[in-house]
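Engineer: The sequence shown begins at 18 in the numbering used here and counts up by one.
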Amino acid sequence: MRLDAKALRYMSNDDFRVLTAIEVGSRNHNIVPAPVIAQLSHLRGGGANKHISDLVKRKLIATEQNAKYKGYKLVYAGYDYLALRTLSKRGTVTSVGNQIGVGKESDIFVVAGEDENEVVLKLHRLGRQSFRNVKQKRDYFRQDQSPSWMYMSRLSAQKEYAFMKVLHEHGFPVPTPVDQNRHCVVMEFVEAFPLRQISDVGDPGTLYSTLMDLIVRLAKYGLIHGDFNEFNILLKDDGTPVLIDFPQMVSTSHLNADYYFNRDVDCIRTFFKRRFNYESMLYPKFGLDSNKEFDLDVQVAASGFTKKDQSQLEKYMEELGANGKDECSSDQDMDSNDDDLDSDDQVSGGDDDDDEENDGFDSDDDDDENYIIETDKLGNTIRRKRTDTDDQPEKCS
Numbered sequence: 018m019r020l021d022a023k024a025l026r027y028m029s030n031d032d033f034r035v036l037t038a039i040e041v042g043s044r045n046h047n048i049v050p051a052p053v054i055a056q057l058s059h060l061r062g063g064g065a066n067k068h069i070s071d072l073v074k075r076k077l078i079a080t081e082q083n084a085k086y087k088g089y090k091l092v093y094a095g096y097d098y099l100a101l102r103t104l105s106k107r108g109t110v111t112s113v114g115n116q117i118g119v120g121k122e123s124d125i126f127v128v129a130g131e132d133e134n135e136v137v138l139k140l141h142r143l144g145r146q147s148f149r150n151v152k153q154k155r156d157y158f159r160q161d162q163s164p165s166w167m168y169m170s171r172l173s174a175q176k177e178y179a180f181m182k183v184l185h186e187h188g189f190p191v192p193t194p195v196d197q198n199r200h201c202v203v204m205e206f207v208e209a210f211p212l213r214q215i216s217d218v219g220d221p222g223t224l225y226s227t228l229m230d231l232i233v234r235l236a237k238y239g240l241i242h243g244d245f246n247e248f249n250i251l252l253k254d255d256g257t258p259v260l261i262d263f264p265q266m267v268s269t270s271h272l273n274a275d276y277y278f279n280r281d282v283d284c285i286r287t288f289f290k291r292r293f294n295y296e297s298m299l300y301p302k303f304g305l306d307s308n309k310e311f312d313l314d315v316q317v318a319a320s321g322f323t324k325k326d327q328s329q330l331e332k333y334m335e336e337l338g339a340n341g342k343d344e345c346s347s348d349q350d351m352d353s354n355d356d357d358l359d360s361d362d363q364v365s366g367g368d369d370d371d372d373e374e375n376d377g378f379d380s381d382d383d384d385d386e387n388y389i390i391e392t393d394k395l396g397n398t399i400r401r402k403r404t405d406t407d408d409q410p411e412k413c414s
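1. In whole angstroms, what is the alpha-carbon distance linking Q116 and F293?
2. Hey, how far is the Cα of D71 from the Cα of M169?
3. Taking the alpha carbon of S123 as the point to measure from, which residue in V137, P190, V195 and N246 has its own alpha carbon closest?
4. Applying the 10 Å Cβ sphere with the 16-neighbour rule, what's the burial state of A236?
5. Go through its chain and collect everything with a Cβ distance to I199's Cβ below 6 Å, but skip five positions before and after it.
6. DSSP has F126 in a bridge; who is on the other side?
7. Count the CB pairs spanning the region 73-84 and the region 108-115 that are closer than 8 Å, and state whether there are at least three.
8. Over the uninterrupted beta strand (DSSP E) stretch that includes D196, give me the two end residues.
9. Would you report the Cα separation of A22 and G114, rounded to the nearest angstrom?
10. Under the rule that 16 or more other beta-carbon atoms within 10 Å means buried, what is L272, buried or exposed?
11. Determine the DSSP secondary structure at T80, reduced to helix, strand or coil.
12. Could you give the C-beta distance for Y295 and F289, rounded to a whole number, given that I count them as a contact under 8 Å?
13. Relative to the alpha-carbon of A55, which residue among F189, G88, M28 and L299 has its alpha-carbon at the smallest distance?
14. Does the separation of the CB atoms of D281 and I215 fall below 8 Å?
15. In the DSSP assignment, the beta strand (DSSP E) including V218 goes from what residue to what residue?
16. Decide if V41 is buried, meaning its Cβ has at least 16 other Cβ atoms within 10 Å, or exposed.
17. Check the C-beta distance from V92 over to A65 and give it rounded, since I have them as a contact under 8 Å.
18. Excluding five sequence neighbours on each side, which residues of the same chain lie with their C-beta closer than 8 Å to the C-beta of P190?
This is the structure in structure tokens:
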């Protein structure tokens, strides 16, 4: 999916108030009615309708009609803009460059960060692959709910950032994490090539041993990558490997930990035999070479990525096949097709009720009408609780 950030600079604060109102309204409404958007954005006199029309033209939201009313849905392009605006205000992303990677479940761009340094922006886009299959077999959503792909994408980004941060702090060869918001992760730009693109290495035995040691070291720290293969390993010019892509990572306490560990090992063995004609009879086995000595899995949970979040994301990954009983593969194995998921499907939210077990957005227990979206003195879009004075008619000057 393309990321066109040019229009971002031309959008007003009120545009973002309306866009944020639709995001918040999606908590309780699969299709957000225009009156709810106007109420949340605190724009009166038809002001909200004008901005809604502009957002539809920019393809940041989609018009929907159900049996009861006409409303609007947030699509991934709008979600991109909300995240980019936040990252821009933080100074994390100042401009967007070329796309350097595309996968079944993510898009990757080079962007300018603080001090104009090049960093990587990864946008998680869960739901693009196996959309219909996952939707049909969903057991982690209520049967009368639509899957909130943006919510799952946000969970995926939160998990990747949390694991990357903990791994980096403990000296593992991973990109330096920079920032995360919604479904976006910003990380260090690493000068390296994917292992899958390398046809020859000077000493395959040394690299093989290094990678196997890395699998074992992860396990000793309580973690299993879950997708440890040539697509998710970068190789620097000096032969140093860098590990990427962590949404499928699991704890060594996981019920199927032995399977995931052994699959990671088998993926490397298979690749080295096929690509470098190298085969070793020495390889680690779960339980024999992976006794847990540290608790990074516990530290990740303490960082805010909860067991509930982990459970929801794991169920999605299992349905998708990323954690299923499949062959060694990766999201980045093929180019994505922008038509895999239509804009109408790139939505967030549940049904038109107050159920919040899978609302897709951070929220509290109060209803939407108790809050309004407005802009503070610095131009930041904020959500505050409605007061009695907000309902008083405006005085004419």
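Just so it is clear, CB atoms sit at the ideal spot from N, CA and C, and this is done for glycine as well.
Structural biologist: With the given structure in hand:
1. Residue numbering aside, residue 116 sits at position 99 when the sequence shown is read from its first letter. Residue numbering aside, residue 293 sits at position 276 when the sequence shown is read from its first letter. Looking at the two C-alpha atoms, the distance is approximately 30 Å.
2. As a first step, residue 71 is located in the sequence shown; it is residue number 54 there, counting from the start. As a first step, residue 169 is located in the sequence shown; it is residue number 152 there, counting from the start. Approximately 27 Å between the Cα atoms of the pair.
3. The residue labelled residue 123 in the question sits at position 106 within the sequence shown. When the alpha-carbon of S123 is set against those of V137, P190, V195 and N246, the nearest one is in V137.
4. Locating residue 236 in the sequence shown gives position 219, where the first residue counts as 1. Burial call: buried.
5. Taking the first residue of the sequence shown as position 1, residue 199 is located at position 182. According to the sequence as given, residue 199 is Arg; it is not Ile. Excluding residues up to 5 positions away in sequence, A100 and R171 lie with their Cβ nearer than 6 Å to the Cβ of R199 in the same chain.
6. Here residue 126 corresponds to residue number 109 of the sequence shown, with the count starting at 1. For F126, which the question treats as bridged, DSSP gives the partners Q116 and L138.
7. no
8. Along the sequence shown, one-based indexing puts residue 196 at 179. P194 to N198 is the span of the beta strand (DSSP E), which, as asked, contains D196.
9. For the purposes of this step, residue 22 is identified with residue 5 of the sequence shown, where counting begins at 1. For the purposes of this step, residue 114 is identified with residue 97 of the sequence shown, where counting begins at 1. Approximately 10 Å, taken between the alpha carbons.
10. Within the sequence shown, numbered from 1, the residue matching residue 272 stands at position 255. Exposed: under 16 other Cβ atoms inside 10 Å.
11. Residue 80 sits at position 63 when you count from the first residue of the sequence shown. T80: strand per DSSP, three-state reduction.
12. Position 278 of the sequence shown holds residue 295. Position 272 of the sequence shown holds residue 289. Correct: roughly 5 Å between the Cβ atoms.
13. Taking the sequence shown and counting its residues from 1, one reaches residue 55 at position 38. Closest by alpha carbon: G88.
14. Taking the first residue of the sequence shown as position 1, residue 281 is located at position 264. Taking the first residue of the sequence shown as position 1, residue 215 is located at position 198. Cβ distance not < 8 Å, so D281 and I215 don't count as in contact.
15. Numbered from 1 along the sequence shown, position 201 holds the residue referred to as residue 218. Premise fails: V218 is in no beta strand (DSSP E) and is neither H nor E.
16. Taking the sequence shown and counting its residues from 1, one reaches residue 41 at position 24. Classification for V41: buried.
17. Position 75 of the sequence shown, counted from the start, is the residue given in the question as residue 92. Position 48 of the sequence shown, counted from the start, is the residue given in the question as residue 65. In fact, because the Cβ distance is near 18 Å, the residues do not count as touching under 8 Å.
18. In the sequence shown, residue 190 corresponds to position 173, counting from 1. Correct list, in chain order: L231, T257, P258, V259 and L260.
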